[in-house]
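S.K.: Numbering-wise, the numbering used here puts 313 at position 60 of the sequence shown, and it's gapless, one number per residue.
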Amino acid sequence: MINRWPVASITTLVNALGMVALVSTLMVLTLSPAYANNAEQQPVISVNGEGVSTMAPDMAVLTLTVMREAPTARAALTASSRAMSEVIAAMKSSGVASRDLQTSGLSIQPQYVYPKRNDQGETRKLTGYTVRNTLTVRVRDMDNVGTVLDQSVSLGVNEGGSIAFTNDDPSDALQQARKSAVVIAREKAQTLASAAGVRLGKVLTITEQSFSRGPSPYVARMAVMDAAESVPVEAGENSYRVNVQMTFAIEQ
Numbered sequence: 254m255i256n257r258w259p260v261a262s263i264t265t266l267v268n269a270l271g272m273v274a275l276v277s278t279l280m281v282l283t284l285s286p287a288y289a290n291n292a293e294q295q296p297v298i299s300v301n302g303e304g305v306s307t308m309a310p311d312m313a314v315l316t317l318t319v320m321r322e323a324p325t326a327r328a329a330l331t332a333s334s335r336a337m338s339e340v341i342a343a344m345k346s347s348g349v350a351s352r353d354l355q356t357s358g359l360s361i362q363p364q365y366v367y368p369k370r371n372d373q374g375e376t377r378k379l380t381g382y383t384v385r386n387t388l389t390v391r392v393r394d395m396d397n398v399g400t401v402l403d404q405s406v407s408l409g410v411n412e413g414g415s416i417a418f419t420n421d422d423p424s425d426a427l428q429q430a431r432k433s434a435v436v437i438a439r440e441k442a443q444t445l446a447s448a449a450g451v452r453l454g455k456v457l458t459i460t461e462q463s464f465s466r467g468p469s470p471y472v473a474r475m476a477v478m479d480a481a482e483s484v485p486v487e488a489g490e491n492s493y494r495v496n497v498q499m500t501f502a503i504e505q
């Protein structure tokens, strides 16, 4: 059976479809210039600048380890704990606050003797245990660093050891480095604009990355030394660097 549409209905449908197409065309014509403007990339100048500021360190971070060996784990741990307790007590008596003392490592390792040849079925033999107790110390009195090291070694620190010099609050140095980085970046942008014969516009984006670069930590193997022997300490300077990336508009 064939359905027949009235002529008037077909005419109405065609007119409606034509109106939708016309409206869609007008919308495209109206919005296209806006899309075209957004698609146009604004001419810019992108530069980076690095600012550096130095600061004398006001704090030393020491890493000290007490190592003890014994036939049993209990004996090794007891000996290590006794020595470390004396070290901690000496630190506190030297003016180091409790908040600046932190146990940063504790290990108990078995020690074995291995046969030179294993073709006779011999196996390794347990000979004892080694206990290492590591203490991290922040010394805020820079004149006291050598004394703290002397005391720690005299009281039982006998392995490892490192010193890193830092600043408790480097915000002033970072702020100065940040300002210098922005000035340098702006000068670069102005130089590029002048060389290109254009005018430098407003700042569009700015990002930063900061980091410190101080003296490399001193690492040494601790050994028993005469209590009268002084440990020479040179703190040097810490460098704080700030990198900024800036994007400037080019005025038309």
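C-beta atoms are modelled at their ideal positions from N, C-alpha and C, and glycine is treated no differently.
Taking 7 Å as the threshold (C-beta atoms), are Met-308 and Ala-426 in contact?
M.R.: Position 173 of the sequence shown holds residue 426. Position 55 of the sequence shown holds residue 308. Cβ distance < 7 Å, so Ala-426 and Met-308 count as in contact.
S.K.: In the DSSP assignment, find the unbroken beta strand (DSSP E) run with Thr-389 in it and report its ends.
M.R.: Counting from one through the sequence shown, the residue named residue 389 turns up at place 136. Counting along the chain, the beta strand (DSSP E) containing Thr-389 begins and ends at 378 to 392.
S.K.: Helix, strand or coil for Thr-444, going by three-state DSSP, please let me know.
M.R.: If you number the sequence shown from 1, residue 444 lands on position 191. Here Thr-444 sits in helix by DSSP.
S.K.: Here's a check: name, in chain order, each residue in its chain whose Cβ is nearer than 6 Å to the Cβ of Lys-455, leaving out the five neighbours to either side.
M.R.: Along the sequence shown, one-based indexing puts residue 455 at 202. Correct list, in chain order: Ala-502.
S.K.: Could you tell me which residues DSSP puts in a beta bridge with Ile-298?
M.R.: The residue you call residue 298 lines up with position 45 of the sequence shown. Looking at the DSSP assignment, Ile-298 forms a beta bridge with Phe-501.
S.K.: Which residues does DSSP list as the beta-bridge partners of Gln-364?
M.R.: Translated into the one-based positions of the sequence shown, residue 364 becomes position 111. Gln-364 is bridged to Gly-381.
S.K.: Among the candidates Lys-369, Ala-326, Gln-443, whose CA atom is the shortest distance from the CA of Val-451?
M.R.: Counted from its first residue, the sequence shown places residue 451 at position 198. When only C-alpha atoms are compared, the closest one is Gln-443.
S.K.: Assuming Tyr-493 and Pro-423 make a contact with CB atoms under 8 Å, what is their CB distance in whole Å?
M.R.: Within the sequence shown, the letter at position 240 stands for residue 493. Within the sequence shown, the letter at position 170 stands for residue 423. That pair is a contact at about 6 Å.
S.K.: Using C-beta distances below 6 Å, list every residue in its chain close to Ser-433, excluding the 5 sequence neighbours before and after it, in chain order.
M.R.: The residue you call residue 433 lines up with position 180 of the sequence shown. Only Gly-304 meet the Cβ criterion.
S.K.: First and last residue of the alpha helix (DSSP H) that includes Leu-330?
M.R.: Within the sequence shown, residue 330 is the residue found at index 77, counting from 1. 326 to 346 is the span of the alpha helix (DSSP H), which, as asked, contains Leu-330.
S.K.: Alpha carbon to alpha carbon, what distance is there between Pro-310 and Arg-431?
M.R.: Within the sequence shown, the letter at position 178 stands for residue 431. Within the sequence shown, the letter at position 57 stands for residue 310. Approximately 19 Å, taken between the alpha carbons.
S.K.: Looking at the secondary structure, which residues open and close the beta strand (DSSP E) in which Gly-413 lies?
M.R.: Taking the first residue of the sequence shown as position 1, residue 413 is located at position 160. Taken as a continuous stretch (DSSP letters only), the beta strand (DSSP E) holding Gly-413 covers 412 to 419.
S.K.: Please state the DSSP three-state secondary structure of Asn-496.
M.R.: Here residue 496 is taken as the residue at index 243 of the sequence shown, counted from 1. Reduced to three states, the DSSP call for Asn-496 is strand.
S.K.: Shortest alpha-carbon distance to Thr-380 belongs to which of Ser-338, Ser-405, Arg-391, Tyr-365?
M.R.: The residue given as residue 380 occupies position 127 in the sequence shown. Ranking the options by Cα distance to Thr-380, first place goes to Tyr-365.
S.K.: Can you give me the start and stop residues for the beta strand (DSSP E) that Leu-402 sits inside?
M.R.: Counting from one through the sequence shown, the residue named residue 402 turns up at place 149. Counting along the chain, Leu-402 falls outside any beta strand (DSSP E), though it belongs to the alpha helix (DSSP H) covering 398 to 407.
S.K.: Ordered along the chain, which non-local residues of its own chain (more than five positions away) have a Cβ less than 6 Å from that of Thr-318?
M.R.: Within the sequence shown, the letter at position 65 stands for residue 318. Around Thr-318: Arg-385, Thr-387, Glu-412, Gly-413.
S.K.: Flag this pair as yes or no: are the beta carbons of Gly-206 and Ala-449 separated by less than 7 Å?
M.R.: No information on residue 206 is available, as it lies outside the stretch 254 to 505 that the chain covers here.
S.K.: What residue does the beta strand (DSSP E) around Glu-490 start on, and which one ends it?
M.R.: By 1-based counting over the sequence shown, the position of residue 490 is 237. Here Glu-490 belongs to no beta strand (DSSP E), and DSSP marks it neither H nor E.
S.K.: So who's on the other strand from Gly-313, going by DSSP bridges?
M.R.: What you label residue 313 is simply residue 60 of the sequence shown in a count that begins at 1. The sequence shown places Ala at residue 313, rather than the Gly named in the question. Ala-313 is bridged to Val-392, Phe-418.
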